[in-house]
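Structure first, then comments.
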Amino acid sequence: MLRRPAIVILVAVSAVPTIAGLAAALWFGLDAGAFSRVLGTPGVGLSIASSIWSGSIATVISLMLAHLAVGLAVSGGWRTRLNALTLPLLAMPHLAVGIGLALLLAPSGVLMRLLSPWATGFELPPDWLTVQDPAALSLIAGLVLKETCFLIMALMAALAQVPSARLQLQAQTLGYGPLKSWLTAVAPLLQQQIRLPLAAVLVFGISNVELAIPLGPGLPPTFSVLLWRWFTDANPLIHSQAYAGTLLLLLATAATVVAAMTVSNLARYVLRSSVQGGRRHSDDRFAQGVIKATLILLWTVGVLAIVAIVLRSVSGAWRFPALLPAGDWLSRWNDVLPTAGNTAAITVALATATALVGLALVLPAAEQCRHDARTRATVGAWLFLPLLVPQMTFLFGVQVLLVRMNIDGTFVAVLWSHLLFALPYLWGLLAPARAAIDPRYRQVAATLGAPPSRAWLTVTLPLLARSGLLALALAFSVSIALYLPTLFAGAGRFATAATEAAAAAGSGNLRLASVHALLLAVLPLIAFAGAYASGSWLFRHRQGVPR
Amino acid sequence: MCLRRHAAHLIAGCFAAVLLAAGGAAAEQDNWPAVVAEARGQTVYFNAWGGDLTINRYLQWAADRLREDHGVELRHVKVTDIAEAVARVRAERAAGRDDNGSIDLLWINGENFAALQSAGLLHGPWVSEVPNASYVDWEGNPTTLIDGTIATDGFELPWGTAALTLFFDKSQVSLPPTNPATLLRWIGDHPGRFSYPQPPAFLGSAFLKQLLLLLVDDSGHLQQPAGDDFGKVTEPLWAWLNQAHPHMWRRGRLFPLSGPAQRDLLAVGELDWMLSYNPSEASRAIRNGDLHDGIGAMHFAGGALANSHFIAIPYNSSATAGARVVANFLLSPEAQARKADEQHWGDPSVLDIDKLDTDDQQAFSALQIGTATPPAAKRYLPEPHPSWTTALEQAWLERYVR
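So the protein sequences, as listed, match chains A and B. Each residue of the first sequence is one higher than the one before, starting from 510 at the first, in the numbering used here. Each residue of the second sequence is one higher than the one before, starting from 52 at the first, in the numbering used here.
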């Protein structure tokens, strides 16, 4: 590995700050006095419990939905459609989903307005806890919406590693229906492949603030939101409480992940006994229908959430049960545009830089391990590290280090923090794409007398272009969505769409939040549309260029 | 001992008030022309919260006028929290920069004033030198002299007064309940339609203090630091809240997170009430289209929780003459009337209108008051000692977060 510098640099860029951040967090967070203040906070036990509960339940539901969806889509022949359904939801930042869902599901939200008063008879919004409920059901719904899509993508990517068609066929010849064949023969193997993404989903579920701020319970909030309030408090004494709290968050998350691993082993045992039972159902039509309906429901909710965001962003006074806001829509936008324009510029600049620098780091490394699947997997696992630790814990450590080096609040610091989260996705997309390119293309180019650099530019690069464009869009979207990294590394000086939306949602000001959420939702969609369009344009005269 | 020193401060403050009212400062004001002459050509860096466009535009107007009339260059340094500026003054002191400081004027009150004043980092006393200070309603509005129970001692000049105001939807509230008992009855009769921002959000804590001031027998007791009798004194407050919460929005299991959040909820029809320290907030919101028409406003009959905000000069300012000229302008009837104008800012004036000459009185009475702005509160209740605020917030969390 050491003889391949690009790989070393890539891994170092990600792992060094992550590990140093964790170490710093442990060093500065261990403070007995602060711990006892954390534990003495009213409702802190309930707060930790609701974090673990919402993260775990959402992960279980998302995993089951994702397995069923992929199994049915592959055996039912609608794999491409599943891709098309999940990608837009995947591209939508968590914060935007959270704010959108809050605006959709609240008693005065768009859903209730659609039904009132003609169906419900409500002239005033009912006093229901449909969002921010104490059982965290709305938070779980938001997590399921996003994480199901993430896990579907992870499973689809893992399909390449598993001889799924052959396995399913074998099970079917034994008389099992397509779905049961899939679940018993293919799904367990896929499950092995997606352990890291699954752990990331669980960690995010427990420790996120992006969905928990707009959707999570209020009295008390989830533990991560409590910590986030402490971090943004003006009182330095409270900060030390937040530092100690991040270690507690780390502990709670690690304990849950270990517990989840134990439970999943148990579940495998139970599944095996059900296979050994040998019962056979061959008719999947009902399951197909239910799963398709569930996916369409998720997708519709996602679209309606965007509609709710658009409506709220242009509304001022908007009394229930009017379906559309009153007043002059355009003038409301004019009020917001000057500040929103500034925010958008910073957001886009950061995201573009993240995507380009990330690509520049990943491409040479992917080149260097194109024949070496094991190194690819190892690098992938290292790059995944920042997604496996609660963001707050190691980012707080990173912040302390940045302050010590006096480079907090600089563009480079923020860019670097964004790279930590964009690199795993870039690698996941580009490393396999590079490895899949048939080496004989280059051999042909060499035979024709092209030096390696020219062969790379004229042969390899065009073959990689579509994946590269998609990777750029993905990294761009990841950066757009990042909130805590910008907050911690940016010293509060970088106002991006995510920081503004989170701050507004954090003080309960959903109208202001919706303006920034709209920006959050739209920018990734533009990026993906741009990637697809420029890919098609680039190869408008070509056939058979890999997608 | 702390208590006694506190009482001494209060007495000193009141004494200063009497002096000012009696025109005892006339001698100091004789020097004013010299101050004005010295100020010409100076640049005054005014560190003030910059989070509101209307306020920023108001200060821009003031800067234009000061340049034309007095040759003073006013620069608004927009800060997100004035505590940053307090920290800067402290840092300059630590670095030994005892003159030519980077800040000449501060928009300040409460704990930030207390921090600078107790560390001796303010210039002054200078307030009595400023001619327009004689128009201030020192007698009628005690919050102009006592800033969060700390006597201002002439080190900061009142610039505006805030009074806790309750706004309601007139279509749902026919007769506004102006005391805690009738408000409690209204809440019981209209389940799910009342709430207040969740303490320790600024306005939520203010609501607790307002109720406490009205519910205790002796509100003067709250001017002293909270002590062992906290539980006993606050008993009526918790009794009120325990009765109200089950009938409030979301049965008291969820609260709006801030003032703006509650305004949002009023705007979409989830609540019939909102709170603000600024009596003209609803009128402004209606004009901007953020709230619907038909909003009413009230203060509690027993008095409105009030505080003033001030301007002060750091000890190391090199433009104290310019700063005083700016302060004098900001306190002029013209500037105060424009500040009270809801089209420009809508912040209530600290001047006693009766002390003004008829032309200036005209300017105030000609102001267009929005339909949702209440008449001035009949009584102002000064803030309790800061220790009550922290204790109330902590006790609230312990009781209602579970």
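Glycine is no exception: its CB is placed at the ideal position from the N, C-alpha and C atoms. Model, not experiment: these values are computed from the prediction.
Alpha helix (DSSP H) containing T884 of chain A: first to last residue? From DSSP, the alpha helix (DSSP H) with T884 of chain A extends over 882–897.
Apply the 10 Å Cβ neighbour rule to F258 of chain B and answer buried if 16 or more other Cβ atoms are within range, or exposed otherwise. With 16 or more Cβ atoms within 10 Å of its Cβ, F258 of chain B is classed as buried.
Whole angstroms are fine: how far does the CA of T550 of chain A sit from the CA of S246 of chain B? Rounded to the nearest whole angstrom, the C-alpha separation of S246 of chain B and T550 of chain A is 24 Å.
According to DSSP, is S1043 of chain A helix, strand or coil? Of the three classes helix, strand and coil, the one that applies to S1043 of chain A here is helix, per DSSP.
Extent of the continuous beta strand (DSSP E) to which N82 of chain B belongs: N82 of chain B -> no beta strand (DSSP E), and no H or E assigned at all.
Using the C-alpha atoms, what's the distance from D642 of chain A back to A802 of chain A? Computed Cα separation, rounded: 26 Å.
Y451 of chain B at chain A interface by Cβ criterion, 8 Å: Chain A, which has a Cβ nearer than 8 Å to the Cβ of Y451 of chain B, makes this yes.
Spell out a yes or no on whether the region 1012–1024 of chain A and the region 304–322 of chain B are touching, meaning 3 or more CB-CB pairs, one atom from each, closer than 8 Å. Short answer: they touch.
Residue closest to S563 of chain A, alpha-carbon to alpha-carbon, out of A:T629, A:V772, A:A650: Ranking A:T629, A:V772, A:A650 by Cα distance to S563 of chain A puts A:A650 first.
Comparing the C-beta of Q641 of chain A with each C-beta of chain B, is any distance below 8 Å? For Q641 of chain A, the nearest CB of chain B lies under 8 Å from its own CB, placing it at the interface with that chain.
Is A835 of chain A buried or exposed, if buried means 16 or more other CB atoms sit within 10 Å of its CB? It counts as exposed.
Does the distance from the C-beta atom of A333 of chain B to that of A423 of chain B stay below 8 Å? Yes, the Cβ-Cβ distance between A333 of chain B and A423 of chain B is below 8 Å.
If we ignore side chains and look at the alpha-carbon of each, how far apart do F219 of chain B and R453 of chain B end up? Each residue's alpha carbon lies about 30 Å from the other.
Spatial distance of Q387 of chain B from G282 of chain B (CA atoms): Straight-line Cα distance between these residues: approximately 42 Å.
What does a CB cutoff of less than 8 Å around L266 of chain B pick up in its chain, not counting 5 residues either side in sequence? Sequence-distant partners of L266 of chain B (beyond 5 residues in either direction) whose C-beta falls short of 8 Å from its own C-beta, in its chain, are P231, P287, L288, W291.
Just checking: is the beta-carbon of V319 of chain B within a distance shorter than 8 Å of some beta-carbon in chain A? At least one C-beta of chain A is nearer than 8 Å to the C-beta of V319 of chain B.
Determine the extent of the beta strand (DSSP E) in which F1048 of chain A is found, giving its start and end residues. Where F1048 of chain A is concerned, there is no enclosing beta strand (DSSP E), given that its DSSP letter is neither H nor E.
The region 292–316 of chain B: which residues have C-beta closer than 7 Å to a C-beta of chain A, in chain order? The region 292–316 of chain B vs chain A, Cβ under 7 Å: W300, R301, R304, L305, F306, P307, L308, S309, P311, A312, D315.
G552 of chain A (DSSP reduced to helix, strand or coil): In the structure shown, G552 of chain A adopts coil according to DSSP, grouped into three states.
With 16 as the cutoff for other CB atoms within 10 Å, does Y109 of chain B come out buried or exposed? Only buried fits Y109 of chain B, as 16 or more other CB atoms lie within 10 angstroms of its CB.
I'd like the list of long-range same chain contacts for L234 of chain B, defined as Cβ closer than 7 Å, with 5 residues on each side in sequence excluded. Only P228 meet the Cβ criterion.
Scan the region 419–452 of chain B and note each continuous alpha helix (DSSP H) run of 4 residues or more that stays entirely inside, going in chain order. Within the region 419–452 of chain B, the complete alpha helix (DSSP H) segments of 4 residues or longer fall at 437–451, listed in chain order.
L957 of chain A versus R963 of chain A: straight-line alpha-carbon distance, rounded: When rounded, the distance between both Cα atoms is 11 Å.
Answer with buried or exposed for I346 of chain B, where buried requires no fewer than 16 other C-beta atoms within 10 angstroms of its C-beta. By the neighbour-count criterion, in which 16 or more other beta carbons inside 10 Å mark a residue as buried, I346 of chain B falls on the buried side.
Ends of the alpha helix (DSSP H) at F10 of chain B? In the structure displayed, chain B extends from 52 to 453; residue 10 of chain B sits before or after that span and is not available.
Closest Cα partner of W100 of chain B within the set B:H296, B:I133, B:V86, B:T94: Closest in alpha carbon position to W100 of chain B, among B:H296, B:I133, B:V86, B:T94, is B:I133.
Same chain, Cβ closer than 8 Å to A1030 of chain A, neighbours up to 5 away in sequence not counted: Apart from sequence neighbours up to five positions away, the residues of its chain that approach A1030 of chain A with a beta-carbon distance below 8 Å are M601, P602, A605, G609, I815, I818, ordered along the chain.
Rounded separation between A942 of chain A and I106 of chain B - CA only: One C-alpha to the other measures close to 55 Å.
Establish whether the CB of A1060 of chain A and some CB of chain B are separated by less than 8 Å. Outside the displayed span of chain A (510 to 1056) sits residue 1060 of chain A, for which this structure offers no information.
Measuring straight from C-alpha to C-alpha, what distance separates G1039 of chain A and N367 of chain B? Each residue's CA atom was taken as its position, placing G1039 of chain A and N367 of chain B some 56 Å apart.
Just tell me which of A:S976, A:A567, A:M621, A:E876 has its CA closest to the CA of P961 of chain A. The candidate whose alpha carbon is nearest that of P961 of chain A is A:E876.
Chain B residues whose Cβ lies nearer than 8 Å to that of L1019 of chain A: Residues of chain B with a Cβ closer than 8 Å to the Cβ of L1019 of chain A are, in chain order, A312, D315.
Buried or exposed: where does H927 of chain A fall if 16 or more other Cβ atoms within 10 Å of its Cβ makes it buried? By the neighbour-count criterion, in which a residue is buried when 16 or more other Cβ atoms sit within 10 angstroms of its Cβ, H927 of chain A is buried.
Per-residue DSSP class, three states only, for V1027 of chain A: It should be noted that the sequence gives Leu, not Val, for residue 1027 of chain A. Reduced to three states, the DSSP call for L1027 of chain A is helix.
Run down chain A in chain order and give the residues with a C-beta less than 7 Å from the C-beta of G243 of chain B. Residues of chain A whose Cβ lies closer than 7 Å to the Cβ of G243 of chain B are, in chain order, D636.
So, helix, strand or coil for H532 of chain B, using DSSP? Since the displayed chain B opens at 52 and closes at 453, residue 532 of chain B lies outside it and no answer follows.
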